[in-house]
Amino acid sequence: MAFVTSEGLWFDELYIAMQSRMSFRELLQHLANEDVHPPLYPLLMLGWSRLVGSTGELSLRLPSALFGALSVAAVYALGQRMFGPATARLAAGWLAVNAFAIHYSQEARSYSLLLLLSTVAVLAWYQWARQAAPSLGDALLYGVAALLVAYTHLFGMLLVAFLGLTDLARVLRRRMPGRRLLGTYGGIALGMAPWGPCLWSQATRVQQGFWIPRPEVLFWVDYLRQYAGHALLGLAALGASALALWGAPRTRGAEEDAPSQGSPSLPWTRESAMLAWLLLWGVFLLGVPFVLSRVGQPILHAKSAIAVLAPMALLSARGMTRLPGAWSGAVAAVWAFGSLAVTTLGYRTYEREQWREMVTTVERERAPTDLVVAYHPRYDPSAFYRYYLDPATELVMLCCDSQETCAPGDAQLEALAAHHGAKQLWLLRMRAVAGALPPGLEHSWRVVESRRFNGGILQRLVQGGDGTARVEGAGSPSSPVLSGRCPHVLHWHPAAPRPRLSERRPTTGRAWPRRGLPR
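This note's numbering puts the first residue of the sequence shown at 35, with every later residue one more than the last.
Structure follows, in structure tokens:
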């Protein structure tokens, strides 16, 4: 929870805040027609915001922090079942100080929930799979866990597919009856059926264009650094995993936790095979999206595959237990110190988009008569600015069409300025840094000050343009949109109460911000 609100909400979190103000029906329609994610997390946040009566920064990020803490407990439970308490303690400690996990446990997005439910799903699957004749309760527990993770994220569906392929291998090796496979995964497919048409619609929209870049062949090198928190920690995790695999006993029952290594129904009878399966879990979650991203629309991103932290923690912890005597505890202590140092020092630099900092700068410095104008060449983000703007502040949204004609136009802005007696105009350009001033604006206004924020720029303009005002470091003129009006308007829902100023946390000085990881 430390520094959980040291930075303001960024675009994706503001999107969640917007969704949390919709009605249940509106949210479902929005998810089906505009979003690209399954519905579980937005629905949970909708219920949570109704329960606490707030969409402030702390209330939005608190569920992610709780999911992150529960993920540590889930990894401990999985490690204890598979390898015993010594490995479980080290794996839980590894995850508890992991910078990547901490970052997404302080963000109002679905990734810490994805990590939690992925680990719980594997734990439920392990309990179900290790029995030759599992009870109905174990089967239902696994089915529910699989459905929850599948309804959380596309990569949750990939995890269920991986577990299904593992069970298919068990059927082919005659370790599990085929009817058990068909019954379990038939039920999971039936549970996903209501979301099937929406999933197809979302996949079609993603194939038409998405923001994720195509991954390079050596993407895993950078991902290893991100997941471990630092390049040196990544090398250490790789070495510990190799030590776990190399030092695993080749016969069943040679370790402290031999009873937890399963039954004849499992696809392994040796610890080495169990560790190889954990490695395969991570490889599958990264390898399949990598192949799909190379041949089609890219979908692979480090945060989407956050569930690989669980097998990574278990493999690293198992490798540490291979060290002799006090060396195991010493290496674990050095690892924890390094991870905490990376996380703590990271709080000293801004990382997220600074919507809050930009808006509160305007609120603090503008005169009562100044105009506040938001501009983006492709969509209307005024709803996001209004999250932090004082309700009494009038915000003008500038929209431009494909002929670079803006509404309101230059003459309308001049008339509006004259009506308010405005001598200055504050131009908010979050996510719209590149390019000249909006078409026509430079003829009557000129830039006297520009301030850079993460993800955008704030410009102060006065009347008297010279036709040459451009954003510092910009290239071509502003990108036109595809229609004559803002084609993608993000509406701030008026039905729910706005967060109070104390919850929006306007800042008057430099907060102690945190550095996250590349998104």
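Beta carbons: idealized from backbone N, C-alpha and C, even for Gly.
What whole-angstrom Cβ distance do residue i and residue j have, given they're in contact under 8 Å?
i, j, result
"arginine 398", "valine 406", "In fact, because the Cβ distance is near 13 Å, the residues do not count as touching under 8 Å."
"arginine 239", "valine 496", "42 Å between Cβ atoms; not a contact."
"isoleucine 27", "isoleucine 333", "With the chain covering only 35 through 553, there is no way to say anything about residue 27."
"phenylalanine 134", "leucine 343", "7 Å"
"leucine 96", "leucine 80", "Contact doesn't hold; Cβ gap of about 15 Å is too wide."
"tyrosine 413", "tryptophan 389", "Going by Cβ atoms, the distance from tyrosine 413 to tryptophan 389 rounds to 15 Å, so no, they are not a contact pair."
"serine 338", "histidine 137", "So it is not a contact: roughly 14 Å between Cβ atoms."
"glycine 490", "methionine 392", "6 Å"
"leucine 65", "proline 73", "5 Å"
"arginine 485", "leucine 492", "5 Å"
"leucine 349", "alanine 426", "56 Å between Cβ atoms; not a contact."
"serine 327", "proline 249", "5 Å"
"serine 98", "serine 139", "5 Å"
"tyrosine 409", "arginine 480", "Incorrect: roughly 16 Å between the Cβ atoms, too far for contact."
"asparagine 488", "arginine 386", "7 Å"
"glycine 177", "glycine 221", "5 Å"
"leucine 6", "tyrosine 261", "For residue 6 there is no data in the structure shown, the boundaries of the chain being 35 and 553."
"phenylalanine 45", "arginine 465", "7 Å"
"alanine 370", "glycine 127", "6 Å"
Identify the continuous alpha helix (DSSP H) that holds residue i and give its terminal residues.
i, result
"tryptophan 460", "Tryptophan 460 -> not in any alpha helix (DSSP H); beta strand (DSSP E) instead, spanning 458-464."
"glutamine 260", "253-262"
"isoleucine 136", "133-138"
"glutamate 305", "305-329"
"tyrosine 409", "No alpha helix (DSSP H) contains tyrosine 409, which is instead part of the beta strand (DSSP E) from 405-409."
"arginine 486", "That residue, arginine 486, is in no alpha helix (DSSP H); its beta strand (DSSP E) goes 479-487."
"leucine 471", "No alpha helix (DSSP H) holds leucine 471; DSSP gives it neither H nor E."
"leucine 561", "Here the chain has residues from 35 to 553 only, and residue 561 is not among them."
"phenylalanine 45", "45-53"
"isoleucine 333", "From DSSP, isoleucine 333 is part of no alpha helix (DSSP H); its letter is neither H nor E."
"leucine 354", "The identity of residue 354 in the sequence shown is methionine, whereas the question assumes leucine. Element bounds for methionine 354: 343-355."
"glutamate 399", "389-399"
"phenylalanine 58", "58-67"
"leucine 129", "119-130"
"glutamine 242", "From DSSP, glutamine 242 is part of no alpha helix (DSSP H); its letter is neither H nor E."
"isoleucine 340", "Where isoleucine 340 is concerned, there is no enclosing alpha helix (DSSP H), given that its DSSP letter is neither H nor E."
"alanine 223", "212-226"
Ends of the beta strand (DSSP E) at residue i?
i, result
"glycine 490", "490-497"
In the DSSP output, which residue or residues are listed as bridge partners for residue i?
i, result
"methionine 431", "Ala408"
What I want to know is whether the C-beta of residue i ends up closer than 7 Å to one or more non-hydrogen atoms of the ligand ATP.
i, result
"glutamate 397", "Annotation note on the ligand ATP: not contained in the displayed structure, which lists no ligands."
Does the segment 152-167 come within contact of the segment 106-114, defined as at least 3 CB pairs closer than 8 Å?
yes
Should the segment 83-94 be called in touch with the segment 40-54, which here means at least 3 C-beta pairs below 8 Å?
yes
Is it a yes or a no for the segment 181-190 touching the segment 97-111, going by three-plus beta-carbon pairs under 8 Å?
no
List in chain order: all unbroken alpha helix (DSSP H) runs of 4+ residues lying wholly within the segment 69-110.
74-86
Does the segment 270-282 come close enough to the segment 351-363 to have 3 or more Cβ pairs within less than 8 Å?
yes
For the 8 Å Cβ check, are there 3 or more pairs between the segment 162-174 and the segment 318-328?
no
Is there contact here, the segment 456-465 with the segment 479-499, by at least three beta-carbon pairs under 8 Å?
yes
So, do the segment 201-214 and the segment 305-316 have three or more beta carbon pairs nearer to each other than 8 Å?
no
Any chance you could list the beta strand (DSSP E) runs of at least 3 consecutive residues sitting entirely within the segment 135-204, in chain order?
none
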